[in-house]
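Okay, so here's the structure we're looking at.
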Amino acid sequence: MVLNRKLGIIDLNKNKVLVREIPVELRKKHLGGRGLNWYYLYNSIRPDIDPFSPENVLAIGAGLLTGFPALGAGRTQISTKNPMTGGVGDSNMGGAFGPQLRLAGFDHLLIVGKAEKPTYILVKDGGIEIRSAEHLWGLDTHTVQKAIREEVGDDRAESMVIGRAGENLVAFANVMNGIKNAGGRSGTGAVMGSKNLKAIVASGDIDLEVHDPEKLLDYSLEVDRRARNTKWAKTLGRLGTPLLYDVSYTTGFIGTLNWQYNTPGEDGKPLEAENLEKYSVKMVACIGCSVHCRHRVKIREGRYRGVVTEGPEYAAIGAFGTGVGVYDWEFVIKCNEMANRWGVDLISLGTTVAWAFELFQRGFITENDTGGLRLEWGNENAVLDLARMIVERQNIGNVLADGMLKASEKIGKESLYYANQTKGHPNLLTDERGIPSFALGIATSTRGADHLRSRPGIDLFQLPEETLEKIYGHRIVSDFTAYETKGIMVWWHELLYNVVDSLGICKFQTVFNSANSPRFEDYVPLIEYATGIRLTREELMEIGERNYTTERMFNVLNGFSRKDDYPPERYFREETKRGLPFMKGRKLDREKYEMMLEEYYRQHGWDENGVPKKETLERLGIAEPDYSMLEVL
Amino acid sequence: MTSEKYLMVFPELCTGCRECEIACSLKHDGVVGYQKSRIRVIRDVFEGIEIPVVCMQCIDAPCMNSCRVEAIYVDENGAKIIDYEKCIGCRRCIVVCPLGANFLNPETGKPIKCDLCDGDPVCVKFCSTGAVRYLSPEEINSEELRLASKNYIKALIEREM
Ligand code: SF4
Ligand code: SF4
Ligand code: SF4
Numbered sequence: 001m002v003l004n005r006k007l008g009i010i011d012l013n014k015n016k017v018l019v020r021e022i023p024v025e026l027r028k029k030h031l032g033g034r035g036l037n038w039y040y041l042y043n044s045i046r047p048d049i050d051p052f053s054p055e056n057v058l059a060i061g062a063g064l065l066t067g068f069p070a071l072g073a074g075r076t077q078i079s080t081k082n083p084m085t086g087g088v089g090d091s092n093m094g095g096a097f098g099p100q101l102r103l104a105g106f107d108h109l110l111i112v113g114k115a116e117k118p119t120y121i122l123v124k125d126g127g128i129e130i131r132s133a134e135h136l137w138g139l140d141t142h143t144v145q146k147a148i149r150e151e152v153g154d155d156r157a158e159s160m161v162i163g164r165a166g167e168n169l170v171a172f173a174n175v176m177n178g179i180k181n182a183g184g185r186s187g188t189g190a191v192m193g194s195k196n197l198k199a200i201v202a203s204g205d206i207d208l209e210v211h212d213p214e215k216l217l218d219y220s221l222e223v224d225r226r227a228r229n230t231k232w233a234k235t236l237g238r239l240g241t242p243l244l245y246d247v248s249y250t251t252g253f254i255g256t257l258n259w260q261y262n263t264p265g266e267d268g269k270p271l272e273a274e275n276l277e278k279y280s281v282k283m284v285a286c287i288g289c290s291v292h293c294r295h296r297v298k299i300r301e302g303r304y305r306g307v308v309t310e311g312p313e314y315a316a317i318g319a320f321g322t323g324v325g326v327y328d329w330e331f332v333i334k335c336n337e338m339a340n341r342w343g344v345d346l347i348s349l350g351t352t353v354a355w356a357f358e359l360f361q362r363g364f365i366t367e368n369d370t371g372g373l374r375l376e377w378g379n380e381n382a383v384l385d386l387a388r389m390i391v392e393r394q395n396i397g398n399v400l401a402d403g404m405l406k407a408s409e410k411i412g413k414e415s416l417y418y419a420n421q422t423k424g425h426p427n428l429l430t431d432e433r434g435i436p437s438f439a440l441g442i443a444t445s446t447r448g449a450d451h452l453r454s455r456p457g458i459d460l461f462q463l464p465e466e467t468l469e470k471i472y473g474h475r476i477v478s479d480f481t482a483y484e485t486k487g488i489m490v491w492w493h494e495l496l497y498n499v500v501d502s503l504g505i506c507k508f509q510t511v512f513n514s515a516n517s518p519r520f521e522d523y524v525p526l527i528e529y530a531t532g533i534r535l536t537r538e539e540l541m542e543i544g545e546r547n548y549t550t551e552r553m554f555n556v557l558n559g560f561s562r563k564d565d566y567p568p569e570r571y572f573r574e575e576t577k578r579g580l581p582f583m584k585g586r587k588l589d590r591e592k593y594e595m596m597l598e599e600y601y602r603q604h605g606w607d608e609n610g611v612p613k614k615e616t617l618e619r620l621g622i623a624e625p626d627y628s629m630l631e632v633l
Numbered sequence: 001m002t003s004e005k006y007l008m009v010f011p012e013l014c015t016g017c018r019e020c021e022i023a024c025s026l027k028h029d030g031v032v033g034y035q036k037s038r039i040r041v042i043r044d045v046f047e048g049i050e051i052p053v054v055c056m057q058c059i060d061a062p063c064m065n066s067c068r069v070e071a072i073y074v075d076e077n078g079a080k081i082i083d084y085e086k087c088i089g090c091r092r093c094i095v096v097c098p099l100g101a102n103f104l105n106p107e108t109g110k111p112i113k114c115d116l117c118d119g120d121p122v123c124v125k126f127c128s129t130g131a132v133r134y135l136s137p138e139e140i141n142s143e144e145l146r147l148a149s150k151n152y153i154k155a156l157i158e159r160e161m
């Protein structure tokens, strides 16, 4: 059965492994992936634990539907205490690792302790082995995966690995699978590095039995076709996420020169999505995905000749383009490739680099700190060199590698004003000043500034209010510059994205940027045919609420509250300087923001300080953490 | 025989999503598991390779010809079908398949191969890019065919290197 995949608990201190069943009751409460990860972590990480201490726990989870042929259901969740925020650290990764983990017999892994020497974990045919990785330490993320495949003798083995950034405990280091699948945005790679854990490898072929294969096939095909035939998915499958850039820079919501501007204007034209096509060999996909949103790119001549990689995504255009003032696809491709080989979150890296450039411009950082490097806008070498310095922890790179909060303590408190972050977590290079719902979303996200916890992407389409009411079940104001009702919209998306992360489905195949894409009700039959568990749409929403509130409680226990739910101060003080008339001259209105935040708390059943109310916790069945999970070891 | 259709593979369109594989194993064995699938995608993202490997239903089929107990027969769709009542599991057919498209089911020790799903291939339905197609002779454009075989062979050769 799909439901017979196990939980593996691994203690690297004691060199001990335990294998446990996952009770169906827990599935009904949390599904899998992100939801179940956080159930486990909430009950195993005490608030006083430092993210880099051996007591921190790393949870790996395949979604409930991971491995099935629809909606990009191939995803894996990696969760831990976040080294940048001290709260929720959580990554959702595409690629092929999750399906392979399930075929190896497991759905969830909990890893605690610290290995004495570099180590990797091999999950194979229902068993778990801890092996030496001394010969693999120092290798980049691509080389190490190839070496591991050779070593375990399985050309279908999939690994989740760290690179130099993770080994060096760069606070925003990634885990990687394949060429570009990143468990990004939360320092998961750094936590692996702190455990001396180079890789987790899944190998095996234990059949995944399903409840009703015939119905599952028919329904998968139907829902898959519907998702891939939306205009959004079709364009995405041709241009990839760079398609978002064209709207973004013409309108004026892409962070430019570290948010001093909200678009590069005409300067940014070379980075339009169509210009990437000349480097594109073909489109490739994650397991179980028919949208195939990523390019395989190749640079055939010039300075970066010979680079072959996958992507780059929209985020890379911001990180190594507008953010630092370089407008050249080849440079973006090169940086993208480097970041993936280093195993570092390129959004956080790009945002940190852009911040450092502005600090240089304003005199917070000088050539003395950079080893003579002049951090001047548009200087390609300066960008690549500073990025490398961060990954290798040299000069000012050593300070920046600890994350924005810690770095600002050393560079000077006022420098934090120029950091685009929430809870210490760097933001994507977008500019949310003109879109209050986006601003609220990044600010309330449990993992710190982030666009993938709630971004109500369809906000920008100005859909008729009847359509919005049908989707959200509430009246939602159509105008994307409005504040009222947007708290409800953000709440709804937090639930949806939690559910899809817990199912292992890709967000791009949900109501993310298309109103016609699948949502809660469409997952009901998939879950039933795959697992035999019957859940209603309402029950699914409640699971999303339970899971999200569990994360919120983890943050609350770690000292977070309303004070941490604000976007960067700059958004309230400085108006946007460029863009189309309706985007120019915009900044956030503090009073209206407060109102929106309160509406959001009310909708969640949290008090005015953002703490879940007692009756909400009772309704959702969230108990006090019992921390006994790992005592069995 | 002109009513026959052919299952064709176009590797340059394959994205490596494995939806064809998963669907095939679900349809034939009710499970997700690639060792049950009759189509298998050679996928190596580091080398940039995605090649779906599947039986081409050879006219003068080596698998069928080599079978000493005549366990392989041709059905009305032109599919070479294994009759498991007769199959003794000698695996000779696996060895002689020039495409490596006759696979071993490790559970039974017997071969498994594409049966064209009774003329309604599920892999084709799940393939979003047309990397696997089920075409009638009229639909087969010779230019496309040339390209398909060229790419297929090229892909296999690159794999060897
Ligand atoms: S299994 Fe191989 S030999 Fe037999 S018909 Fe198919 S391709 Fe030809
Ligand atoms: S036609 Fe049917 S049996 Fe043959 S590979 Fe496709 S799904 Fe499998
Ligand atoms: S479904 Fe099509 S694109 Fe996906 S792996 Fe199979 S042949 Fe390739």
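Here the protein sequences come in this chain order: A and B.
240 is the number that full-length UniProt numbering gives to position 240 of the first sequence; each next residue is one higher, with no gaps.
152 is the number that full-length UniProt numbering gives to position 152 of the second sequence; each next residue is one higher, with no gaps.
Don't be surprised by glycine CBs; every beta carbon is placed ideally from N, CA and C.
Find the nearest neighbour of residue 24 of chain B within the set A:36, A:13, A:69, A:39, judged by alpha-carbon distance. A:69
For ligand 1, list every residue whose C-beta falls under 6 Å from any of its heavy atoms, going in chain order. B:55, B:56, B:57, B:58, B:61, B:62, B:63, B:80, B:97, B:99, B:101, B:102, B:113
Measuring CB to CB, does residue 111 of chain B end up less than 8 Å from residue 104 of chain B? In contact: residue 111 of chain B and residue 104 of chain B (Cβ atoms closer than 8 Å).
With a cut-off of 8 Å on the beta carbons, I'd call residue 199 of chain A and residue 291 of chain A a contact; round off their distance for me. Not quite, the Cβ-Cβ distance comes to about 28 Å (not below 8 Å), so this is no contact.
Helix, strand or coil: how does DSSP classify residue 13 of chain A here? It is coil, neither helix nor strand.
Under 8 Å, Cβ to Cβ, is there at least one residue of chain B near residue 157 of chain A? no
Cβ pair count under 8 Å reaching 3, the stretch 257-266 of chain A against the stretch 317-324 of chain A: yes
DSSP on residue 259 of chain A, reduced to helix/strand/coil? Looking at residue 259 of chain A - three-state DSSP - the assignment turns out to be coil, as it is neither helix nor strand.
Top-ranked residue by Cα proximity to residue 108 of chain B, from B:124, B:89, B:96: Put simply, of B:124, B:89, B:96 the residue whose alpha carbon is nearest the alpha carbon of residue 108 of chain B is B:89.
Excluding the 5 residues preceding and the 5 following residue 22 of chain B in the sequence, name in chain order all residues of the same chain whose CB lies nearer than 7 Å to its CB. 32
Shorter than 8 Å from the beta carbon of residue 283 of chain A to some beta carbon of chain B? yes
When you compare the stretch 531-550 of chain A with the stretch 506-522 of chain A, are there three or more beta-carbon pairs, one atom per stretch, that lie closer than 8 Å? The answer is yes - the stretch 506-522 of chain A touches the stretch 531-550 of chain A, with three or more Cβ pairs under 8 Å.
So residue 157 of chain A and residue 166 of chain A are supposed to be a Cβ contact under 8 Å. How far apart are they, rounded? With a Cβ gap of about 20 Å, residue 157 of chain A and residue 166 of chain A do not count as contacting.
Chain B partners of residue 27 of chain A, CB-CB under 7 Å? Think of a sphere of 7 Å around the beta carbon of residue 27 of chain A: no beta carbon from chain B falls inside it, the nearest being about 18 Å out.
Helix, strand or coil at residue 294 of chain A according to DSSP, with G and I counted as helix: strand
Applying the 10 Å Cβ sphere with the 16-neighbour rule, what's the burial state of residue 493 of chain A? buried
Could you check if residue 73 of chain A belongs to the surroundings of ligand 3, using beta carbon to heavy atom distance under 7 Å? No, the beta carbon of residue 73 of chain A sits no closer than 7 Å to any heavy atom of ligand 3.
Let me confirm a value: residue 473 of chain A is counted as buried when at least 16 other C-beta atoms fall within 10 Å, else exposed. Which label applies? Residue 473 of chain A is exposed by the Cβ-count criterion.
Which two residues bound the contiguous beta strand (DSSP E) that contains residue 607 of chain A? For residue 607 of chain A, no beta strand (DSSP E) run applies, since DSSP gives it neither H nor E.
Go to residue 77 of chain A, then tell me how far its beta strand (DSSP E) extends in each direction, as first and last residue. Counting along the chain, the beta strand (DSSP E) containing residue 77 of chain A begins and ends at 76-81.
Using a Cβ distance threshold of 8 Å, determine whether the stretch 44-55 of chain B contacts the stretch 8-23 of chain B, with at least three qualifying pairs required. The answer is yes - the stretch 8-23 of chain B touches the stretch 44-55 of chain B, with three or more Cβ pairs under 8 Å.
Let me see if you follow: with CB-CB separation under 8 Å, is residue 5 of chain A close to chain B or not? no
Considering only residues of the same chain and omitting the five flanking positions on each side of residue 278 of chain A, which have a CB-CB separation below 8 Å? none
The beta strand (DSSP E) that contains residue 44 of chain B, what's its start and end? Counting along the chain, the beta strand (DSSP E) containing residue 44 of chain B begins and ends at 40-44.
May I ask you to list the residues that DSSP assigns as paired with residue 181 of chain A? Answer is A:177.
Could you confirm whether any beta carbon from chain B is found closer than 8 Å to the beta carbon of residue 125 of chain A? no
Closer than 8 Å at the beta carbon, the chain A residues around residue 36 of chain B: 207
With 8 Å set as the bound, which would you pick, yes or no: does the beta-carbon of residue 83 of chain A sit closer than that to a beta-carbon of chain B? No, residue 83 of chain A lies away from the interface with chain B (no Cβ there is under 8 Å from its Cβ).
Quick one: which residues of the UniProt domain "4Fe-4S ferredoxin-type" (5-34) of chain B get their C-beta closer than 9 Å to a C-beta of chain A? List them in chain order. 12, 13, 14, 15, 16, 17, 18, 19, 20, 21, 22, 23, 25, 26, 27, 29, 30, 31, 32, 33, 34
For residue 77 of chain B, which residues in the same chain have their Cβ closer than 6 Å to its Cβ, ignoring the five residues on either side in sequence? 116, 119
Any idea if residue 582 of chain A is buried or exposed, counting beta-carbon neighbours within 10 angstroms, 16 or more meaning buried? Here residue 582 of chain A is exposed: its Cβ has fewer than 16 other Cβ atoms, across all protein chains shown, within 10 Å.
Return the chain-ordered list of same chain residues with a C-beta closer than 8 Å to the C-beta of residue 408 of chain A, the five sequence neighbours on each side being excluded. 415, 416, 419
Anything in the stretch 107-133 of chain B with a Cβ closer than 9 Å to a Cβ of chain A? List those residues in chain order, please. 107, 122, 125, 126, 127, 128, 129
Please report the distance separating the alpha-carbon of residue 54 of chain A from that of residue 96 of chain A. 28 Å
Give the DSSP-derived three-state secondary structure of residue 99 of chain A in the structure shown. helix
List, in order along the chain, the chain B residues whose C-beta lies closer than 7 Å to that of residue 287 of chain A? 17, 18
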